[in-house]
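Residue numbers (our numbering), protein chains in the order written: chain H, 1 to 366; chain S, 367 to 732; chain F, 733 to 1098; chain P, 1099 to 1464. In this text, a Cβ means the ideal position worked out from N, Cα and C, and glycines have one as well. Comments concern the structure below.
Number of protein chains: 4
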Amino acid sequence: MGMIGGGPGSFIGPIHRIAAELDREIELVAGCFSSDAARSSEAGTSYRIDGTRAYPTLDAMFAAEKARDDGIDFVAIVSPNHHHLPAAKAALAAGFPVISDKPATATLAQAHELSACVRAAGLPYALTHTYSGYPLVREARARIAAGALGTIRKLVVEYPQGWLAGEAIGKQAEWRTDPARSGPGGCIGDIGTHAFQLAEFVTGLKVVELFADLAAVVPGRQVDDDCTVLLRYDNGARGVLLASQIEVGEMNGLRIRVYGDKGGLLWRQEAPNTLTIHSLDGRTEIVHAGGSQLGPDAASRTRTPTGHPEGYLEAFANIYRDFAAVLRGEPAPLLPGIDDALRGMTFIDTAVRASQERSGWVRLTV
Amino acid sequence: MGMIGGGPGSFIGPIHRIAAELDREIELVAGCFSSDAARSSEAGTSYRIDGTRAYPTLDAMFAAEKARDDGIDFVAIVSPNHHHLPAAKAALAAGFPVISDKPATATLAQAHELSACVRAAGLPYALTHTYSGYPLVREARARIAAGALGTIRKLVVEYPQGWLAGEAIGKQAEWRTDPARSGPGGCIGDIGTHAFQLAEFVTGLKVVELFADLAAVVPGRQVDDDCTVLLRYDNGARGVLLASQIEVGEMNGLRIRVYGDKGGLLWRQEAPNTLTIHSLDGRTEIVHAGGSQLGPDAASRTRTPTGHPEGYLEAFANIYRDFAAVLRGEPAPLLPGIDDALRGMTFIDTAVRASQERSGWVRLTV
Amino acid sequence: MGMIGGGPGSFIGPIHRIAAELDREIELVAGCFSSDAARSSEAGTSYRIDGTRAYPTLDAMFAAEKARDDGIDFVAIVSPNHHHLPAAKAALAAGFPVISDKPATATLAQAHELSACVRAAGLPYALTHTYSGYPLVREARARIAAGALGTIRKLVVEYPQGWLAGEAIGKQAEWRTDPARSGPGGCIGDIGTHAFQLAEFVTGLKVVELFADLAAVVPGRQVDDDCTVLLRYDNGARGVLLASQIEVGEMNGLRIRVYGDKGGLLWRQEAPNTLTIHSLDGRTEIVHAGGSQLGPDAASRTRTPTGHPEGYLEAFANIYRDFAAVLRGEPAPLLPGIDDALRGMTFIDTAVRASQERSGWVRLTV
Amino acid sequence: MGMIGGGPGSFIGPIHRIAAELDREIELVAGCFSSDAARSSEAGTSYRIDGTRAYPTLDAMFAAEKARDDGIDFVAIVSPNHHHLPAAKAALAAGFPVISDKPATATLAQAHELSACVRAAGLPYALTHTYSGYPLVREARARIAAGALGTIRKLVVEYPQGWLAGEAIGKQAEWRTDPARSGPGGCIGDIGTHAFQLAEFVTGLKVVELFADLAAVVPGRQVDDDCTVLLRYDNGARGVLLASQIEVGEMNGLRIRVYGDKGGLLWRQEAPNTLTIHSLDGRTEIVHAGGSQLGPDAASRTRTPTGHPEGYLEAFANIYRDFAAVLRGEPAPLLPGIDDALRGMTFIDTAVRASQERSGWVRLTV
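Here it is as structure tokens:
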């Protein structure tokens, strides 16, 4: 695997490296970690790769790696949002499959362009919606698909964070609050899109209409940092999506609750190894990661026995494991792909516009 | 104290009796528990009061009790919503102070009429917003008032229940889902108004504008059973209010989270003896009921040492304790009164109309 | 009901008053709250009883109350331990049933004397082991009796507190750390005996042998404040009992875990409204107070719907409800009586001696 | 790194592989995964190593690897206990540093022999006490060392599991319950030694005396499966160590509570990303992994921001990170080494004997 982005100071680059390598199906061997040659080289050293394979430009990486017998098989894009489209286009043009951090691009127009490129190239493309890699998220999906909750009527998906409650200081905060780099969506693109994807992933439902109230709460902020979105799904179910980056004390509190006419369930990212399931008769069951109650998909996604906590890195690695399967030509139906990418960007774009225009309920059309 | 309503099968009647008497400042001695004389008498026996003081009509109760030296000093109204106005009017006309279950009346028009009666009578009137009686709710209010969170920017108040996810069976469910008895609001009136009051109580802010999406989810239901309301407060802060009675597995999950520019806090009714406070520097503090960290108001509202759980009945008793103080002529500034009653009915009415008309954001004007 | 003890500064007196009256089957109408007439009178005022019925001596109370048509039916003893025997003897001799705070007496010899008096008097005697009044403790007992855990093999019962980690300051701390008033057991008598009773109550097993390590950790303390006791039950099961009053930060953390060959369960006093049950196949079920999964005994001991927390006072009231039934001549098989009183004192005495003598495992013989 | 053991069906082999490689300082490149050549080869394939480097014997591995320029630098021993000593001796004799799963050996005599070998070889030796690798365990140690709790008086360390409550079925269960392979200690050696090490690690205290009650609860079991050990530390503090493998429903519930004269703390392995700290004034603080309140050691051991759960594999990787530092010649004072190995075996041996002989309190002498 070759990495694009992930230079010095990157949060998500080292995370992708660990996740990709966890199951030893993938190895990071090259990268264009920065457009600054010295910084790219510095990053290569920190990742412990062969010094000659830390490239200053995409062109250099693609040319050199194609010439090697042991050259890279695909690229992982981990740079800020505005780099996603050019990086992905270049990689696809050079014949490399792409796995990309979310959101897919900075703007919806870019996403459409990317989608066309992916289809034209006929190469694998995946989006790292990490949270859908958690074993108990898979279990929740499987149980709902099997009818455990009956007909879904209502869901609440929340993604509270507090780290942008003050001034945006530091590399991570700066680009995320700069519309030139993040795109028009701030919080809605950074974490709202995770919540949107998670809810559709778990329930199998699709959003058809939404109402959005996005705010830039911190004085001077140029993108939204607090989002409330009401959702209507294709079966008529109602959804509420809350995402915020100004809720002091919240860390990475992604949480989803789904209610049907026969039961309800709850999963929390910060305590990801239990899933709570309620049934209409008043019973509450706790499902444990690694436990004997799991279906095959969730069971195959745990690496330790029950009671040995797995977390974010392991969930992320499950996404990469699916991508490795795709590269081998095997099916990985739960891996988010270009349709999810386009869908996520449509959600961001629709929510931003609906909020700005105070336009009430609007259709979400992909 | 005399009770109006609370006959056989009542949930809230016995609760009021226990709460009123817990601190031994008040004693239930009479009641018009039902308009059916036999049922009123049966209830009187169950409450262990003097058999002659279980009356079949309000007129009978008021006449007889006024004639006694040890007659009642006030009435508690615990009947379904549509009885609230006539009962309160009659009591006030007879010279009795009133403490009433919420919401104040079935309709906003009735609330205005009630408000006029209260003002004309010049007698105490209180509304049992139970949850504002919890010691740690008082502590949350005190800390926010003292600036612990800085300027409030955002709050999320949720009140999930699941008991009406199926058919409405039984006395409690039936009247609550019948607009003739509950008024136009279902869930929004039954529990949404608690959430609305709690958020204003804790923060000291007032809602000035709202957007509402109320649904009757269960087939055939005539009132809302699932509510999402977006709130804008008078200082510009945003609020999200979620209330539902169809979320299977939820019991009585009232919860509030408040975020300012310096901190955040969380309180949950189902675990009411802890309050979580986050500060901007990343610290999290747990405040315990009965503990030494409490301010005077919360400290005086606990009856047991820390670690000895107090709950719903004790919180309810704190409301009655305040009412007893008012009857003695002492101040009880935190006791919900006629203004809160009117405010709550305005909230219900505004939300119901806004949702029916899909009218977008509307002003809340009391 | 007449109260003995519970004068100004008492913690447990007001608790007994609330608990006794909660279900309105019992009313506090008289008391000998202190041997100081002025203080007894002051307490009577605080309890809002008729001023003439706050007596300075037991003799005065018994004489006056027997002469009244509406005199007391029984007494509640809530004074420090060393007063228990003389108070109970006098009450029984005067023909009054007794309900007493635990432990039954200050010493084992006194307990034997008390037992003889109770048997001679032929009057009801009960001991307020509050925690066995919690609905979910009753449910745990019922489920174990029904075989839900199979054969019990192991239990761990813990009672951590921290309030005596420093100097013993204040009335409550002073008498509890004074062997002349508390008896030879400190922590083991104050809370260890609760843990001992709870474990036998829940499992239906009886301790036959124990090993004890009791310590007076705080410098200068004259009684134990930290206790570890290993237990062997009559079916061969092992138990571990931990009780401490020097564990800083612990509040009233009574907790019991029971494991059989088919399942395990957990209950915690500080979160008393859930009971966790594990089965051998890896499933975990959460049982909720007030919920539909409860058996008849637990269901009849809750006063509110599920999700409305009940706590310590309500559990205490359940003990009084059983006592009221006994006074009416009805059976209350789960109410702790004189046998439990004697058993608890034997436990304290055996543990204190075994620890002092470092005598290894010793038989517990009642 | 070369692996010894970890063949098909191994639980801990793949765990060591992931942990060792997580930070990319170490790579698994060779192994003698089984004494059966075909099985060793099969395992090599599953680990994705070069097929020629899956050896059937230790001698073959050591000879071949020493001959390679890119040969292994050390070995990780992950086989059952009775293989530990011969494997470690052979590796040390061949000049390879050793990192070994715990306990160090099957018997205390073997541990002494191993200790002599390590000292004679002058090579690094480490023991994977995984739990001391958790960031918040490091934080707990640092805070206690800095005096946050004052003088330690009491600790309770518990390690409940339930997976051996029934028949011992499967490779993992079989060898652990066979004294010929596990050594004389069952549960006490498998998990009791972790608890023992954790308590000394966190507090900096050393056990000087113990009382042990070990039981083989499951009919027919030949080693202990349920352990209670009372501990006395070198400063006079008391400890209670509970370890069990028959507590149905318990997963991997390692937990430690430490109490001093100024504060107390709690850490739980199943929720490893928070640490609770109580102070004498009644305040409770929650410390979050990845948060700003961490000291340098804990902060450097987290790989993700606060709220992104890390777990067992990451803690394990922290042990390997320390070992990599030692191989580079850097200090890693918190890495368990040969002294800890010997100490742990002494604990097992002393507890087993003390329990068998019912000998009361015995000195623990290393």
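In the three-state scheme derived from DSSP, where H, G and I count as helix and E and B as strand, Glu310/H is classed as coil. Relative to Ser407/S, the option among Ile378/S, Ala430/S, Pro374/S, Asn684/S whose CA is nearest is Pro374/S. If only complete runs of 3 or more residues are kept, the region 245 to 332 of chain H shows the beta strand (DSSP E) at 255 to 260, 263 to 268, 274 to 279, 284 to 288, in order along the chain. Your pair Ile809/F and Asp833/F checks out as a contact, with CB atoms roughly 6 Å apart and the cut at 8 Å. Counting along the chain, Leu230/H sits inside the beta strand (DSSP E) bounded by residues 226 to 233.
Secondary structure note for Val869/F: its alpha helix (DSSP H) is the uninterrupted segment 867 to 877. Scanning its chain for C-beta atoms nearer than 8 Å, with the 5 sequence neighbours on each side dropped, one finds around Ser182/H the residues Pro80, Asn81, His82, Ala106, Trp175, Arg176, Gly189, Asp190, Val223, in chain order.
By alpha-carbon distance to Asp592/S, the top candidate from Gln527/S, Gly570/S, Tyr421/S is Gln527/S. Against Arg1381/P, the close residues of chain S are Glu651, Gln659, in the order they occur along the chain (beta-carbon pairs closer than 7 Å).
For Arg238/H, the pairing in a beta bridge is given by DSSP as Lys154/H, Arg232/H.
In this structure, the alpha-carbon of Thr276/H lies about 15 Å from that of Ser292/H. Taking the Cα positions, Gly311/H is about 7 Å away from His1406/P.
With respect to chain S, the C-beta atom of Met733/F has no partner C-beta closer than 7 Å. Short of 6 Å from the beta carbon of Leu660/S, and not among the five residues preceding or following it, lie these beta carbons of its own chain, in chain order: Glu505. Of all residues in the region 737 to 769 of chain F, those with a C-beta nearer than 9 Å to a C-beta of chain S are Phe743, Pro746, Ile747, Arg749, Ile750, Glu753, Leu754, Asp755, Arg756, Glu757, Leu760, reading in chain order. Going by DSSP, Ala212/H is part of the beta strand (DSSP E) stretching over 207 to 215.
By the C-beta density criterion, Ala91/H is buried, having at least 16 other C-beta atoms within 10 angstroms. Chain H has a Cβ within less than 7 Å of the Cβ of Leu646/S. Separation of Ile370/S and Val362/H (C-alpha to C-alpha, rounded to the nearest whole angstrom) is 48 Å.
Taking C-beta atoms as the reference points, Val583/S and Arg153/H count as a pair closer than 7 Å.
From the beta-carbon of His112/H, no residue of chain F is found nearer than 9 Å; the closest lies around 47 Å away. Residues of chain F whose Cβ lies closer than 8 Å to the Cβ of Leu1340/P are, in chain order, Val888, Val972. Residues of the region 673 to 706 of chain S with a C-beta atom less than 8 Å from some C-beta of chain F are Gly673, His674, Pro675, Glu676, Gly677, Tyr678, Leu679, Glu680, listed in chain order. Ser742/F and Lys903/F have their C-alpha atoms roughly 8 Å apart. Close to chain S, meaning a Cβ-Cβ distance shorter than 7 Å, are the following residues of the region 216 to 233 of chain H: Val217, Asp226, Thr228, Leu230. Proximity of chain H to Val732/S at the Cβ level (cut-off 9 Å) is not reached, the minimal Cβ distance being about 23 Å. Between Val728/S and chain H, the shortest Cβ-Cβ separation is not below 7 Å.
Look at Thr276/H: its C-beta is not under 7 Å from any C-beta on chain P.
DSSP, read as helix, strand or coil, puts Ser100/H in strand. The C-beta separation of Leu1212/P from Ala1202/P comes to about 6 Å, placing the pair in contact by the 8 Å criterion. Annotation: Cβ neighbours of His1020/F in chain H (cutoff 8 Å, chain order): Gly282, Thr284.
With 16 or more neighbouring CB atoms inside 10 Å of its own CB, Ser1087/F falls in the buried class.
C-alpha of Leu1126/P to C-alpha of Glu1119/P: approximately 7 Å in a straight line. Under a 10 Å Cβ-count criterion, Arg780/F is classified as exposed, with fewer than 16 other Cβ atoms of the shown protein chains found around its own Cβ. Close partners of Pro305/H in chain P (Cβ separation under 8 Å): Phe1109, Trp1261, Met1349, Asn1350.
Glu680/S counts as buried, since no fewer than 16 other beta carbons sit within 10 angstroms of its beta carbon.
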